[in-house]
Every structure is written in C-alpha cells, then in structure tokens.
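*Asks:* Protein sequences, first through last, are from chains G and R.
For the first sequence, counting from 1, position 114 maps to 113 in numbering that gives the first Met the number 0; every step adds exactly one.
For the second sequence, counting from 1, position 251 maps to 250 in numbering that gives the first Met the number 0; every step adds exactly one.
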Amino acid sequence: MRKFFLVFAALGFVAAAQVLNIGIFEDLTTTNIWARIGPDATVWNTYVLGGSHGALYGSVAPTWTWLPSLADGFPSEFVEENGKWVATVKIRKGITWTDGTPLTADDVVFTFNVLLTEVGGQRMAIALGGNWPSYCPDTLLAVEKVDDYTVKFVYAEEPGLGEWTFGALGCPIVQKAYWEPKFQAALQTDDPAASLLAVVPEGEPILGGYRLVRWEPGAFAQVDKNPTYYATGESLTLYEGGGAVIDNPRLGYHFEAYGGATGPVLHELVEGPYVDSIIYPIYLNQDAAVLALQKGEIAMFLNPLGLAKGFEDRLKATPGVTIISNPPWGFRYLAFNMRREPMSYKAFRVAVATLIDREYVAESVFQGIITPMYSAVPESNPFWHNPDVKIYGKGLTHAQRVEEAVRILKEAGFSWDAEPKVINPGTRNEAVVGVLPDGTQVPAPKGFKLPDGRYCPEIELLAPSAGYDPLRATFALYIEQWMKELAIPVKANLTGFNVIVNKVWAPDGFNFDMYILGWSLGNPAFPDYLYYFWHSSQDVPDGFNTPGYRNPEYDALAEAFLKAKSVEEARPLVFKMQEMLAEDVPYVILFDTPIKEAYRADEIEFPYTEVLGGIQFVWPLTTVKALK
Amino acid sequence: MLRYIGWRIAQIFVTFFLFLTMVFLIFQAMPGDYTKQFIMNPKIPPEARQALAERLGLTGSVWDQYLHYVRNVFTGNLGISFQHYPREVWDVIKERLPRTAVLFLVADLLAFALGYPLGKYIAWRRGRISDYVVTVTGVLFYTIFTPLLAIILLFVFSNVLGWFRSGGFLTPSLWLRPPVSPQTVFLLLTATICGLLGLWAGSYFLTRRIGHPRPRAWARRGLVALGLGLAGIAWGYSGIGSYAWDIVWHMFLPVLAVTLISFGGTMLLMRDSMLEVIREDYITTAKAKGLPEKVIRDKHAARTALLPTITNFTIGLGFIVSGGIVTETMFSWKGMGLTYLEAVLQQDFPLAMGCLTFTGILVLLLHLVVDVLYAFLDPRISY
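What follows is the structure in structure tokens.
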C-alpha cells in the first residue's frame, strides 16, 4: 500500500511540473548519435532528440541566420601554412555537459578525429554514412587542439561555404570522455563503423536543452529539461536589416554580427527551456491524433507532410486550436534512370516533362491543395530560387503537349509503327490516334521505337501507393496515362515506400527506370543538396545522384558552389545549376504542398509561427512555452 | 484416445511442415530481395553479418536457405531481427506478444460470453422481434468498417465524454520511473486471466460431487468470485496495481471495439447451430416429456449446438498472436499485428517468419485442443 501512495505522490509531482504532450507518428529507431545523424537519420528521431547535441555554429530559424552556438564568435579567416589552409575556432567558456564536466577543445577534436579516422580504406564519416560526410569534407585534413578552448581546422585547400561554414562547423559535438572507450573498442572490430552504430548509449552526457529520460518503445518518449543547459536565458535578437545580437548573462557572453543592433527588431528569442518535460506519445494514425488534439490530450502533433485537408476542416471548428500554413521546403519529383534506355536520351526526358501537365493535376484533380513546382530550389526560398528556368510544356493545352512531345521525339530519331496524332483538338472528342506510314488512321498509336529502330523496352514507373501518399500515386497514374497516349510502354507500379527505396538504392546499383519520391531539403540557408543530388561523384551505389546525371559543366558549378566563400558568390552558381537541371531534366520537379499545422494556442506558445517548412522547424523547442 | 491424439499430433506435424514450406515460398516470392536488405543494413557488423548469413543459409541456394530455415524453426532458433538488430526475434515477440495477447484474449472471451447466450436466446425465439433486432445488430457490428467503429468509439468515449485517452496502452506520466516494465505487467495480466479461466474450468471439476444443480452453480460462482477477489487483493498489494489498472483502463476502447465486431460472428454461428439442433427428434421428445423450456434449451439443445461455436472460438484464439492490424493501428496499440506488418514491409525476414511460425504453432495446437475437447463435450464421438 505504501508503494501505492508513493506512486500517487510521484504522479502529484508530475502534475505540478509543466509538461507538454506532442504527438508523433513513428517510434524512435535509435538513441545513438552516430546512428541518428547517420543511417537512422529519420525525422522522428530528429524531432525528439535533435537538440540534444550542440554544434559550434548553426543556422537559426526563422531567418536562418548563421550564428555561433558553442563557439565564441566567428571563426578566424583562413591562412596558408605550409601549403595547407588553417583557421581557428574559439569555444565558449563555461559550457558544461550534463555530467558537470566542461566542454573543451578535446571534445571537438575527438569528434572530428572519429570522423577522420581511416577504416577499411575510407574515412569513418563515409563509413557511418547519412549526414556525417557533409560534416567532414574530403578537403578537411585535421582538427587540432591549440589550447583548452581553441581548435584549429586544417584543410588541403581553402574551403568554401559547403565545406566549412555549412559543413564542418555544423557538426554535432560528442563528449570525448564518454565516447572514447566505445570508439576504441569499435576500432578493435572488423567493422568499426558498424560497431559504433550498434552502441546503445546509456547516461550519455549531452549539451542540449532537453535530454531523453525515458523511451518506452511503441508508447512514448520523454525528454526533460537540462538544468545545466548553457544557453538558458540567452537572448538572440534578430533585426530587420539582418543584424543579430546574442546575450548570455549566465556565461557573460555578448556577440554582435551582421551589423548588430541596427534598425527595427524582427524577432527576440530567449532560450528556455521553459517546459519541465516534453512527452511524445506515439499515435499510429492521424485520426486518433486529431481527436487527441481536439480533446486537449496533446498540444500539437508533428508530421513532416503537414495536415491533411480533411483534418484541417475538422480542426478549424475546434476552439483553442490554431491552424497555420507555411511554405514547404522540399519537393516531390519524378526521377529518370539515365543509365538505361530510353531515359538516357535527353529528348525522351524532355518529351515526358512536356507531357506532364502539373497545373491540370493541381487545379482540376487536387483542387488547389498542391503547388506545381518547376525548379530544383523551391520558390519559398527566394534568395536561392531561380524563377526563370526552362519549363517544358508550360501553358500548353493537352493537344499541344502531345504534338510538342511527338515533335521532340521524332527530331531525336524516335519513331512509331503508328505515329500519334491528336484529332479534334480542344473539343470534347479530342483523342490521340495512330497514323500508319501509309496514312491510314488506327485507334491508337503503337510500336514506339528507339532511335536505332529497336522497340522501346517496358518501362516501370515506381511510386508510393495511395495509402502512403495519394498525391504521388495519383500523379504517377496521370504520367503513366500521358506516356501511354504516345504508345510509350510504361507501367506505373504503386508499391511500398521501402520497396522503392530498396530498388533505387540497391546495393549493386540503381535498379529502377523511373520513380516518384520526395525530398526535404535540409538547411535553407545553403542548398548544398544541389551538389549531393546531381554531382557525378555521387553516382555511386548508395549515393544521392540516383538519376546518374553526369555533366562536367554542372560538376564544375557544383564544386565551385561548395567552395564559394560567400552566399553572394554562390547565388549565381545556384541559379545556373537550376537552369541546367531544368534543361537536362534528370528530375522533373513536380509539386509540393503548403505545410499546414495545427496546435492548441491555449496550451503552447511559439516565439514565431511563420517559418519555412512549418513550425516543426521551431526545434528543439527550447524557446517554446507551455501555457498550462 | 491416446492413439488418436498421437495420430493427430503426427498429422499436425505434417501440416506444420507444409505450413512452414508455404511461408518460406511466400517470402521468396515477395518483391525485392530480403538478402540485399540484410546485407545493406549498416547496423549489423560484418562479422555478425557473416555469422547471421551462415545461420540463415543466405550464402547458399534457395534450397539451402529452406533447409536452414526448417532446421532453425525445429531447434527453436528464430534468428535475429534485421530491423531491431541485435535483438533476437524471440525477444521482440516476447515484448509485443503480451500486449496483443491480453487485449485480444479479453476481447475474444467477452465476444464469446456475449455471442453464445445471445445466439442461443434468439434461436429459441426465432421469428420474434427480439430475433430480428439482435440479429440485425450483430450483423451490423460484424460487417462494420473497423476504422469507422474505432473512430466513433474514440470520438464518443475519449473526445466527447473524456473518459479515456485517444490511444496507446499506458499513461506516459505514470510510467516515467515504473518499478517494472510494461511487458511484465502485461505478462502478469495474461497470467491472471489464464488463472481465472483455469479456475472457472476447474470449478466444474471441483463441484461435480455436489448433487443438486443450484448449490453446484452457486459453488462454481463462489469459486470464481473468490479467485477474482484474491487476484484483486494480490494486485492491490503488489505495488504495481496502479500500473496494471492503467493498462486495463487503456484496454477498454480496443476491447470494446473487438468485442462488438466479433460477438456477431459467434452469435450467428450459435444461432444457426441451435436452429439445426432444435429440429432434432430428441428435442421434440424432451418437449413431449414436459421438461421445462429452459432445461431443454440450455441442457439439451445448447450443449450440442455449442460444438461448432467452441471450434470457432478455440481456433480463433490461435490468431490472437497475429493481432488485428487495424485495431492496433486505430488505438495506437503496438502489438504483434503491427510488428508483423512492419516486418513484412521492411523485409525483416526472420521477424515476419517468426510471427507467422508462432501463429501457425498456436493454431495447430489449438486444433488439437478442439479435437480433444470434442471427445469430452460430445458423447457421440468416440475414438
């Protein structure tokens, strides 16, 4: 009975503490930082654990201003020393891990030494995979300790933004004392990377605002506020003119950048954490989560795809619930395997792109819930977005699209046994018929042939099933129908997400013809995915260049982009890269949806709600307040 | 009898072998190559990968894989889950099985407890208004779209009335630092339910010497009530009673959903079976003898009509382990059904096979139980 009372006393304590409940739809898959940034880099792991490990620098939402986090001020300029390029970074003093020990240069150096260690003929960063290689670029040679609070980065050549500012300096830092024995043990095994990934960390010291205190698989995860969080009480003031001021009275730290305190204040963000605990209960369906939100059981739920239209209508009428809409930072796309015929022919890809009527699907089929997209950088990021890329088929009617696609294909040497021809264009009787070489009309085109006269092989178009994403499934069926109108032998295969992923990233190469998937695009301040998705170096098994796009001119631009020393220098390169991608069509960028999110305004208060990609980017919730 | 049981066990063995072969072939026919999924899994160190590959026979031909698979199953080695590496398949099943077992065992028992008497009752009152009302209600629930029923229940009981949470199997704030894991509580709950069932069955044996029916019935009820009371006291003083209650509280809506959906099947089966039986000559004879209607219905007709219902119920118990994917999804109850679904989607071959194998073993064993039960329930059957 005594235990009974203890339990209720504990419950009473929990009730007194400020707790936020935020629903999620998938369980965690790991608590290991190496796996979480590496092969287990799921959005759900990031939601719950994303802020646990600090980095030297980061881009701060909503303006994505690049500012020091663990670092003291900006890094030094690079100088050449004995043919190598060297810069130093100072670390803020007074930052402690949750075990009370100070963060020092040893931790930073250890983190990079793990990534730089050669294992099995490659760097550990490459072996760990996921996002680690972007933190440890090839040109980074060493990271050395200068003193307890200064580290030196040594590069083979002067690094650009992608290798330095938005590369190594954003790397999560781990504690040397905790990880070194585990790393040494991993090095003794045949596959140190896999061994490191397999570690189940217990009691790992962290630096972030919240730390995981309980994970009940299948039920919930709970994070509690870190009383030793270095940034508690730290204010960040962002000014309309771009200036930023950081003030941390606890550490006696003051920093001004980009012109400092000039002009009107845009945002003033004061770090908490303000909430004692955040519980992430797992809901396995959105209906239950929506009901839980209506009831007040949760303050909000997180979903990278946002709120479905039906749920939005239901929640609009719920008192206390606020719905917001933000532009997306991602896209859903059609990819061609350019290693295979006929996708290897630019004319074929251009013809398919011409046939795809995004506006028709967006307006007539989906009633405006999707936004057609054309460029590899979404319009929502105006600094990097190029609005003047080539758009095949833009503004054409269905008949005109068919005629244009046929013209493009014929010019490239493709042919038919019965060539497509549009009859009665613009009327209700509009149809695509076939015309035999002798002029005879047949009900449908047939016998699509490659430029060398062989019949076109069967093409498989992989797309997620309607259960996973009805938007992509519908788009796939329309694309299949439009291609079939030209007698192109394509078959849409709506299948499981993992089946597509396993085929696209098959271990022995890219085993697909065409597929439709989507990307979330990482840091809006620096779209380095333009390098990773289409640079020829990434055309390797497990690489991101799934189409196999190999264009030396594009490669040179992408390399120059990563090496650019300023965003002003990088911008024209990004514009040119978008033009080339739109011209060569390794991807057809299809659409995305505005991110709609719902939260209980009577339970949770966000410091801002207008942010690219949605309030799920107001993370790791250290500036969010609970109102109950 | 023993010879018959031996013969049935031999048959079950052959059936199980065929079942294993079918399962293996189905997985081989699945799109994608699970061996590649396995090789790609970066969580599995190479030395472990090699050992696992040899253990599963993945280095050999399909025939080698089949032989390894059969041998592993018969030696109780279900392998290691690809998704949950380095956990053993058995370990994952142990974690998820109790959650599903408690939920569906309770729901199936309640569905039987509701469906059996209702079926008996409406068959006896065939053609009357109560027959139509109860039949239509049963059919309505039996054929209802499960997610719709789940949403209605969640809306009414959770959203409008606020009595229950909108999903999950525990209250996070209570389980922050629990003295035992939820799995332990689930296991103890399963044991309690099985113990009470055993006591209920045993009460028939223990009270068989009581001559008069009424005291015998009261003695049986008393024994079950005593068991319930003792279980309640034991949970109360165990220090984990509040945790068990939390789980039971979360069970209410999914159990209600499964019970409502399932009772119609039992009821309609019992009704049909009863309608067959009450046309038999011995029922007419009993009526001619002037026996009370309740005695004819409950003792003479229902006992015979019970046989197919028992078969249906007992074999249905075997599928408890596979759970209801829809029910588990709608009520956020991550049990065996979702484990199996995820294993198939993720091509976690050992785990999916483990789930199926486990279901197969249980269904076949319960088949045997049904055969033996028949011998006791139906005096016309002799072996």
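Glycine included, C-beta positions come from ideal geometry on N, C-alpha and C.
These numbers were taken from a predicted model, which means no experiment stands behind them.
Looking at chain G, is there any beta carbon in it that lies within less than 8 Å of the beta carbon of Lys293(R)?
*Replies:* As a working note, residue 293(R) is residue 294 in the second sequence. Closer than 8 Å: no.
*Asks:* Determine, using beta-carbon pairs with one atom in the segment 296 to 305 of chain R and one in the segment 272 to 282 of chain R, whether at least three such pairs fall under 8 Å.
*Replies:* Short answer: they touch.
*Asks:* I'd like to know if Asp286(G) contacts chain R, where contact means its C-beta is closer than 8 Å to some C-beta of that chain.
*Replies:* Taking the first residue of the first sequence as position 1, residue 286(G) is located at position 287. So yes, Asp286(G) belongs to the interface.
*Asks:* Classify Met342(G) as helix, strand or coil using the three-state DSSP reduction.
*Replies:* The count along the first sequence starts at 1 and reaches residue 342(G) at position 343. In the structure shown, Met342(G) sits in coil (DSSP, three-state: anything other than H, G, I, E or B).
*Asks:* Using the beta-carbon of each residue, which ones in chain G are nearer than 7 Å to Phe168(R)?
*Replies:* The count along the second sequence starts at 1 and reaches residue 168(R) at position 169. Here the neighbours are Ala218.
*Asks:* Using the Cα positions of Val324(R) and Leu355(R), report the straight-line distance between them to the nearest angstrom.
*Replies:* Here residue 324(R) refers to the residue found at position 325 when the second sequence is read from its first residue. Here residue 355(R) refers to the residue found at position 356 when the second sequence is read from its first residue. The sequence shown places Ile at residue 324(R), not Val. Between Ile324(R) and Leu355(R), the C-alpha separation is close to 14 Å.
*Asks:* Would you please verify whether the beta carbon of Tyr282(G) is less than 8 Å from any beta carbon of chain R?
*Replies:* Here residue 282(G) refers to the residue found at position 283 of the first sequence. It does; some Cβ of chain R falls within 8 Å.
*Asks:* Since Met335(R) and Thr99(R) should fall inside the 8 Å C-beta cutoff, what is the C-beta to C-beta distance between them, to a whole number of angstroms?
*Replies:* Counting from one through the second sequence, the residue named residue 335(R) turns up at place 336. Counting from one through the second sequence, the residue named residue 99(R) turns up at place 100. Right, their Cβ atoms sit about 4 Å apart.
*Asks:* With a threshold of 8 Å between beta-carbons, can Phe4(G) be considered close to chain R, or not?
*Replies:* Walking along the first sequence from the start, residue 4(G) turns up at place 5. The predicted model places Phe4(G) with a pLDDT of 41, which falls under 50 and marks its position as unreliable; any figure quoted below should be read in that light. False, the Cβ-Cβ gap to chain R never drops below 8 Å.
*Asks:* Is Lys92(G) helix, strand or coil when you go by DSSP?
*Replies:* The residue you call residue 92(G) lines up with position 93 of the first sequence. Residue state, collapsed to three classes: coil.
*Asks:* Measuring straight from C-alpha to C-alpha, what distance separates Phe459(G) and Ser261(R)?
*Replies:* The residue you call residue 459(G) lines up with position 460 of the first sequence. The residue you call residue 261(R) lines up with position 262 of the second sequence. Contrary to the premise, residue 459(G) reads as Glu rather than Phe in this sequence. So the alpha carbons of these two residues sit roughly 42 Å apart.
*Asks:* To test your reading of the DSSP string, which unbroken alpha helix (DSSP H) runs of 4 or more residues are found completely within the segment 197 to 268 of chain R?
*Replies:* Runs of the alpha helix (DSSP H) inside the segment 197 to 268 of chain R: 212 to 237.
*Asks:* Taking its Cβ as the centre, do 16 or more other Cβ atoms sit within 10 Å of Phe16(R), making it buried, or is it exposed?
*Replies:* Position 17 of the second sequence, counted from the first residue, corresponds to residue 16(R). With fewer than 16 other Cβ atoms within 10 Å, it is exposed.
*Asks:* For Thr236(G), which residues does DSSP report across the bridge?
*Replies:* In the first sequence, residue 236(G) corresponds to position 237, counting from 1. Val244(G), Glu267(G), per the DSSP bridge assignment.
*Asks:* Using the three-state DSSP reduction, which class does Leu140(G) fall into: helix, strand or coil?
*Replies:* Walking along the first sequence from the start, residue 140(G) turns up at place 141. Strand, per DSSP.
*Asks:* Which runs of the alpha helix (DSSP H) fall wholly inside the segment 269 to 322 of chain G and span at least 4 residues, in chain order?
*Replies:* The segment 269 to 322 of chain G contains these whole alpha helix (DSSP H) runs: 285 to 294, 308 to 315.
*Asks:* Our contact map puts Ile515(G) next to Tyr332(G) with C-beta atoms below 8 Å; I'd like the distance itself, whole angstroms only.
*Replies:* Within the first sequence, residue 515(G) is the residue found at index 516, counting from 1. Within the first sequence, residue 332(G) is the residue found at index 333, counting from 1. With a Cβ gap of about 7 Å, Ile515(G) and Tyr332(G) count as contacting.
*Asks:* Please state whether DSSP places Val150(G) in a helix, a strand or coil.
*Replies:* For this step, residue 150(G) is matched to residue 151 along the first sequence. If DSSP states are grouped into helix, strand and coil, Val150(G) belongs with the strands.
*Asks:* Does the segment 597 to 613 of chain G come into contact with the segment 298 to 315 of chain G, if we say contact requires no fewer than three beta-carbon pairs (one atom in each stretch) closer than 8 Å?
*Replies:* As far as the Cβ criterion goes, the segment 597 to 613 of chain G touches the segment 298 to 315 of chain G, which means the pair count is three or higher.
*Asks:* Among Thr41(G), Gly217(G), Leu290(G), which one has its Cα closest to the Cα of Asn130(G)?
*Replies:* Residue numbering aside, residue 130(G) sits at position 131 when the first sequence is read from its first letter. Checked all of Thr41(G), Gly217(G), Leu290(G); the closest Cα to Asn130(G) is Thr41(G).
*Asks:* Give the secondary structure of Tyr454(G) by DSSP, where H, G and I count as helix, E and B as strand, and everything else as coil.
*Replies:* Walking along the first sequence from the start, residue 454(G) turns up at place 455. DSSP places Tyr454(G) in strand when its eight states are reduced to three.
*Asks:* If you compare alpha carbons, which of Val401(G), Gly446(G), Pro442(G), Pro436(G) is closest to Gly425(G)?
*Replies:* Reading the first sequence from its first residue, position 426 is the one you call residue 425(G). Of Val401(G), Gly446(G), Pro442(G), Pro436(G), the residue nearest in Cα terms is Val401(G).
*Asks:* For a quick check, are the C-beta atoms of Val101(R) and Thr189(R) less than 8 Å apart?
*Replies:* Locating residue 101(R) in the second sequence gives position 102, counting from the first residue. Locating residue 189(R) in the second sequence gives position 190, counting from the first residue. It is a contact, given that the beta carbons lie within the stated cut-off.
*Asks:* Applying the 10 Å Cβ sphere with the 16-neighbour rule, what's the burial state of Ala563(G)?
*Replies:* In the first sequence, the residue the question calls residue 563(G) occupies position 564. Flag for Ala563(G) reads buried.
*Asks:* Could you please give me the residues that DSSP links to Ala54(G) through a beta bridge?
*Replies:* Here residue 54(G) corresponds to residue number 55 of the first sequence, with the count starting at 1. DSSP, once it has assigned bridges, lists Pro171(G) as partnering Ala54(G).
*Asks:* Quick check: is the beta carbon of Ile150(R) nearer than 8 Å to any beta carbon in chain G?
*Replies:* One-based indexing of the second sequence puts residue 150(R) at position 151. Chain G, which has a Cβ nearer than 8 Å to the Cβ of Ile150(R), makes this yes.
*Asks:* Distance check for Val364(G) and Leu304(G), CA to CA, integer angstroms please.
*Replies:* Here residue 304(G) corresponds to residue number 305 of the first sequence, with the count starting at 1. Here residue 364(G) corresponds to residue number 365 of the first sequence, with the count starting at 1. Spanning the two alpha carbons is a distance of roughly 19 Å.
*Asks:* Please classify Thr231(G): is it buried, with 16 or more other beta-carbons within 10 angstroms of its beta-carbon, or exposed?
*Replies:* The residue labelled residue 231(G) in the question sits at position 232 within the first sequence. That one is buried.
*Asks:* List the whole-angstrom C-beta distance separating Phe616(G) from Thr370(G), where the pair is believed to meet the contact cut-off of C-beta under 8 Å.
*Replies:* Taking the first sequence and counting its residues from 1, one reaches residue 616(G) at position 617. Taking the first sequence and counting its residues from 1, one reaches residue 370(G) at position 371. At roughly 18 Å, the Cβ-Cβ gap does not stay under 8 Å, so Phe616(G) and Thr370(G) are not in contact.
*Asks:* Taking 8 Å as the threshold (C-beta atoms), are Leu55(G) and Lys78(G) in contact?
*Replies:* Translated into the one-based positions of the first sequence, residue 78(G) becomes position 79. Translated into the one-based positions of the first sequence, residue 55(G) becomes position 56. In the sequence as presented, Lys is not what sits at residue 78(G); that position holds Val. It is not a contact, given that the beta carbons lie outside the stated cut-off.
*Asks:* In whole angstroms, give me the CA-to-CA distance for Gly169(G) and Tyr134(G).
*Replies:* Within the first sequence, the letter at position 170 stands for residue 169(G). Within the first sequence, the letter at position 135 stands for residue 134(G). Roughly 7 Å separates the two Cα atoms.
*Asks:* Could you tell me the alpha carbon to alpha carbon distance between Tyr115(R) and Val138(R), rounded to whole angstroms?
*Replies:* Taking the second sequence and counting its residues from 1, one reaches residue 115(R) at position 116. Taking the second sequence and counting its residues from 1, one reaches residue 138(R) at position 139. Rounded to whole angstroms, Tyr115(R) to Val138(R) spans 15 Å at the Cα level.
*Asks:* Where in the segment 345 to 372 of chain G do unbroken runs of the alpha helix (DSSP H), each at least 4 residues long, occur, reported from the N-terminal end onward?
*Replies:* If we require 4 residues or more, the alpha helix (DSSP H) runs fully inside the segment 345 to 372 of chain G come out as 345 to 354.
*Asks:* If you drop the 5 nearest sequence neighbours on each side, which residues of the same chain put their C-beta closer than 6 Å to that of Glu558(G)?
*Replies:* Numbered from its first residue, the first sequence carries residue 558(G) at position 559. Taken in chain order, the list of residues that qualify is empty.
*Asks:* Cβ of Val18(G) less than 8 Å from any chain R Cβ?
*Replies:* Position 19 of the first sequence, counted from the first residue, corresponds to residue 18(G). With 8 Å as the cut-off, Val18(G) counts as an interface residue toward chain R.
*Asks:* First and last residue of the alpha helix (DSSP H) that includes Met579(G)?
*Replies:* Within the first sequence, the letter at position 580 stands for residue 579(G). Its alpha helix (DSSP H) spans residues 566 to 583.
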